[in-house]
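**Q** So the sequence shown is numbered by this note's numbering: it starts at 4 and just counts up by one. For glycine and all other residues, C-beta sits at the position ideal for the given N, C-alpha and C. From a predicted model like this one, the values you see are computed outputs, not experimental measurements. What follows is a structure written as structure tokens; I'll ask about it next.
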Amino acid sequence: MIGLLYLSTFLILAPKGVAEVSFPWKDDFNYETLDEMKVTGWTLNNEWRMSLFPSIIRIDNDGAEESSIFYVGHFPSQIYEFSVETKSRWVGGAYGRNGNLYVWTRRHFYCWYGDCHCFKYAFLRDGDRVLLPINYTSIMNEWTTFALEKKGNTFYMYQDGELKSTYIESDIAPDELVGVSIGYDCYFISTMEYDYISVIALGYIPATLDIDPNTLNLGSKGNWITSYIEFPEDYDVNDINVSSIVLNDTVLLQPKPIEIGDYDNDAIPDLMVKFDRAKVIEYISEHVPITQKFMNIELTVTGYLNDGTPFQGTDTIKIISNSKHEILPS
Ligand SMILES: [Ca+2]
Ligand SMILES: [Ca+2]
Ligand SMILES: [Ca+2]
């Protein structure tokens, strides 16, 4: 049984030196070797039962132990809403269970699959299985996608793009995504192939934010903090409702100047907005525990498009405290 113990172990043992992935994230299993896969951050549980084909991983279950692959601890923080999808097919053994799609959050784990033993769809929360009253049949050698989406506190379960069921999470505490896995938690003889697994962050557009200056002296007197906001493809900074822009949920932007240009010459338009430097310094002084003369802090700019879609971007700057700021013991 895949248990919470595994998750805590993986969180602690999450390979160091593997870069945080950006979104949307998709792993197509284009690996030559399982070792190559592990280098990118995958943990393989009983890898001797796994094999790679062009762009596919095959996972055997021999009826004695589970086989599963984990990708945990590499996603950016603060992803509370997401869509996770995998494409699988049953190619051997008596038990063709598609999906087998696990989502690990900070507080829970979930799994969505078609249960061919009971001929029903099934949803797991923290190991408790709910068999859905919807018939399910595996068809050998046929590819199918299973997707699990969380929006607000509701999970949406899809097969091949068709909504099959929903589940409302009763634990309303913010719960960020920490990883995904696919594979079996049970002891049936089965061979499954997986074509890809992908994760999309929902809820906000992940903006690229650059704050200028890179180093902020808390004793300095300049007028502004400048921020440049870029959007990923498919989104347009022209659609931003500029009056909604706010820094760290607190500091409103200056009404002027606001400009769309390309200050970093990467052919991606950026929206430049400015914040009152004194207000940003006041915010930092009140909210950031100053433990050293030089520190890195994160600043986040959020806002909405005219149609209400939220966006968010974070940048790290260095701050230099001045004599007015008492340095707390770290
Ligand atoms: Ca593939
Ligand atoms: Ca910067
Ligand atoms: Ca640009």
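Under the criterion of a Cβ to heavy atom distance below 6 Å, does I214 qualify as lining ligand 2?
**A** yes
**Q** Report the rounded CA-to-CA distance for F13 versus K224, giving the unit in angstroms.
**A** With a pLDDT of 49 at F13, under the threshold of 50, the modelled position of that residue is not reliable, and no figure is offered here.
**Q** Assign A281 to one of three DSSP states: helix, strand, or coil.
**A** Helix, per DSSP.
**Q** Quick one: what does DSSP say E289 is sitting in, helix, strand or coil?
**A** helix
**Q** Using the C-alpha atoms, what's the distance from N241 back to D318?
**A** Roughly 21 Å separates the two Cα atoms.
**Q** Can the beta-carbon of T253 be found closer than 7 Å to that of Y286?
**A** yes
**Q** Applying the criterion that 16 or more other CB atoms from any shown protein chain within 10 Å of the CB defines a buried residue, is D174 buried or exposed?
**A** exposed
**Q** Would L135 and C114 be called neighbours here (beta carbons separated by less than 7 Å)?
**A** no
**Q** Kindly confirm or deny that the segment 243-257 and the segment 295-307 touch, where touching means at least three C-beta pairs closer than 8 Å.
**A** yes
**Q** Decide yes or no for the touch test of the segment 227-234 against the segment 185-198: beta carbon pairs closer than 8 Å, at least 3 of them.
**A** no
**Q** May I ask you to check if the CB of D318 is nearer than 6 Å to at least one heavy atom of ligand 3?
**A** no
**Q** How about I72 and W51: do their beta carbons lie closer than 7 Å?
**A** no
**Q** Once DSSP output is grouped into helix, strand and coil, what is the label at W45?
**A** coil
**Q** With hydrogens ignored, establish whether the beta-carbon of D198 is closer than 6 Å to any heavy atom of ligand 1.
**A** yes
**Q** Does the distance from the C-beta atom of S184 to that of G96 stay below 7 Å?
**A** no
**Q** Tell me whether N217 counts as near ligand 2, meaning its Cβ is closer than 6 Å to at least one heavy atom of that ligand.
**A** It does: the Cβ of N217 is within 6 Å (strictly closer) of some heavy atom of ligand 2.
**Q** Measure the alpha-carbon distance for M143 versus D63 and round it to whole angstroms.
**A** 15 Å
**Q** Taking 6 Å as the cut-off, does the CB of S58 come closer than this to any heavy atom belonging to ligand 1?
**A** yes
**Q** In terms of alpha-carbon separation, which member of W28, D65, N48 lies closest to L37?
**A** The shortest C-alpha separation from L37 is found at N48.
**Q** Using only Cβ atoms and a threshold of 5 Å, which residues come within that distance of a heavy atom of ligand 3? Order them by chain position.
**A** D265, D267, D269, I271, D273
**Q** Less than 7 Å between C-beta atoms, sequence neighbours within five positions excluded: which residues of the same chain meet that for P177?
**A** Excluding sequence neighbours, P177 sits near Y83.
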